[in-house]
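Heads up, the thing below is written out as structure tokens.
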Amino acid sequence: MNWSEQQAAFLDWSVNGTGSCVLEAVAGAGKTTVLLAAAEQMPGAVAIMAYNKKIAVEIEGKLKKKGVDWKKAKAGTVHSFGFGAYRKANSRVKVEGFKVANLVEKLLPQNHPLEKYSEMVVKLVSLAKQTALGIFGSVEDTAEWFAIADHYDVFESDNGPVPAEELVETAKLALRASNAQKEIIDFDDMIYLPLLFRLPFFQYDVVMVDEAQDTNAARRALVRAMVRKGGRVIAVGDRHQAIYGFTGADANSLDLIANDFNCERLPLTITYRCPKNVVAFSQRWVSHITAAETAPEGTVSATTVPEFMKRNDLNGDAAILCRVTKPLVSLAFQLIRARIPCRIEGRDIAAQIKKLITRWKVADLDALEVKLDDFLAKETTKLLAKKQEAKLAVVEDSVETIRVIIDQCRQEGKETISDATAYVDSMFADDVTGLLVLSTIHKAKGREWEKVFWLDRPGTCPSKWARQEWQQEQERNLQYVAATRAKAELIELALAKKEG
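Quick note: the sequence shown uses numbering that gives the first Met the number 0, first residue 0, plus one each step.
What follows is the structure in structure tokens.
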């Protein structure tokens, strides 16, 4: 490989240096390639903690192709490393996604006064595991439970006050029961239980953490459990791609890792993905990103939706990105009518939309619209009062997306709730390939396309609800992520101006 000066410096440090480091890599910096080279050359056993299963499989394949034995370097997700340690101690373990729900159902059976709050208890227990309650802090500490509930709005309800203290006590019982049920685990348990029970992990000489800007305390604890005493940690990430603060990821994860493991800091500021003009455009958000000397010029241009619909190059390697979902759904209907195959990325988004559509027992779409109007008005008042603008942005986008679906149903003479949910099922998918992709910027993280159409950037970026400094920083990060998905062309796609 013809390594850049920065890549060569990192590889020299990894082989000849000591201690741990935070490798801050801009989008498209070739971090996976340089990590694999380091894993191959560094002495001792190396664990590579990938962002998701798909990336872990890709890394495993590349290691195998390079002839690197699995005993030398092993790739996996944070969950797979945790589950591996747990399964060694509990060989009969079975994974049951509804483990906590089943336990809560026993605690709050049918006709129990608290039965209608079962979902809140299940959610609270899950969050307690994710925030490592019991590993850090005590399961018996009621204040800890309320801190979690408040942070994630677990006890928010449109139906009056919630018996929060009783629900916290029920959640404590459910978590204790869950922890005692050692032969059945859920997704959260894969990380939580091996740490809670202080199970032995295979000790690696080096633990590499990809997308380290999106970690939390539990994941950092898992890293510490996996690295041998005197071992090394390499945390690879980009603070300017931290876009999941609303889910509980620590916005300052890289700094926390640097403090936890006394890390040296090394940069990778050259992108090998983006052409020069796209890089120049991206520098308005991240000034230090630079294009490779050999990068093509590329293009940054603009078009409108009517002009876009006339293009004949939409079946290639292309994607439409937007800050919010509503414009994507509107455009997807236009594409479908024009017989242009497309899908919107994200079955989990579809599930959230369907949950809101079916939230009320209404007979038709007219009644649903009335409920949506009332719901949005109440949520706006409540969430603004609590300064939870990020959550309000999600609620507003979901409501507006459903309104677009309702309008399309009416155009086709459809009026039932099932018509609306059927549309949602038909429009959303995961890991879309082979046809035009529509995606929120959040869902586009980690992906790249030759042509990227950025839909309604001025109208959606930044979010009008981003009022706190950390929220505004995440909005800047989102725009940087969107721009740097393009390998050749970045096209701003403007909505047609309304007449009058």
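Idealized CB from N, CA, C, for every residue including glycine. Quick caveat: nothing in here was measured; it's all calculated off a predicted structure.
Considering residue i, what are the terminal residues of the beta strand (DSSP E) in which it resides?
i	result
Arg342	Cys341 to Glu344
Val99	From DSSP, Val99 is part of no beta strand (DSSP E) but of the alpha helix (DSSP H) over Lys98 to Leu106.
Lys228	Val226 to Gly236
Gly75	Ala72 to Thr76
Which residue or residues does DSSP assign as beta-bridge partners of residue i?
i	result
Ile564	Any question about residue 564 goes unanswered here, given that the chain covers just 0 to 499.
Trp453	Leu320 and Glu491
Leu22	Val235 and Leu265
Val208	Met48 and Ala234
Trp448	Ala485
When burial is assigned at 16 or more other CB atoms within 10 Å of the CB, is residue i buried or exposed?
i	result
Phe452	buried
Arg272	buried
His111	exposed
His150	exposed
Phe9	buried
Arg218	buried
Gln40	exposed
Trp69	exposed
Arg338	exposed
Asn261	exposed
Gln471	exposed
Leu371	buried
Leu383	exposed
Report the three-state DSSP secondary structure of residue i (helix, strand or coil).
i	result
Gly458	helix
Arg264	strand
Val431	coil
Met48	strand
Tyr203	strand
Ser156	coil
Ala301	strand
Ala250	coil
Trp464	coil
Ser329	helix
Thr379	helix
Lys390	helix
Leu113	coil
Val436	strand
Thr270	strand
Should residue i and residue j be called a contact, given that it needs their Cβ atoms to be closer than 9 Å?
i	j	result
Val208	Ile233	yes
Lys52	Gln180	no
Ala443	Ala487	no
Arg484	Glu447	yes
Ala163	Val121	no
Val328	Ile416	no
Lys87	Pro199	yes
Lys413	Leu364	yes
Phe82	Ala220	no
Gly43	Gly230	yes
Ile545	Thr324	This structure leaves residue 545 out entirely; the chain is present only between 0 and 499.
Consider the Cβ of residue i: report whether some Cβ of chain C lies at a distance smaller than 9 Å.
i	result
Pro295	Judged by its chain identifiers, the structure shown contains no chain C, having just a single protein chain.
List the endpoints of the continuous alpha helix (DSSP H) containing residue i.
i	result
Thr130	Here Thr130 belongs to no alpha helix (DSSP H), and DSSP marks it neither H nor E.
Gln212	Run containing Gln212: none; DSSP gives neither H nor E here.
Phe280	Lys275 to Ser281
His441	Ile440 to Ala443
His287	No alpha helix (DSSP H) holds His287; DSSP gives it neither H nor E.
Met505	Residue 505 falls outside the range modelled here, since the chain spans only 0 to 499, and no answer is possible.
Thr357	From DSSP, Thr357 is part of no alpha helix (DSSP H); its letter is neither H nor E.
Pro193	Asp188 to Leu195
Val161	Careful: Val161 lies outside any alpha helix (DSSP H) and carries neither H nor E.
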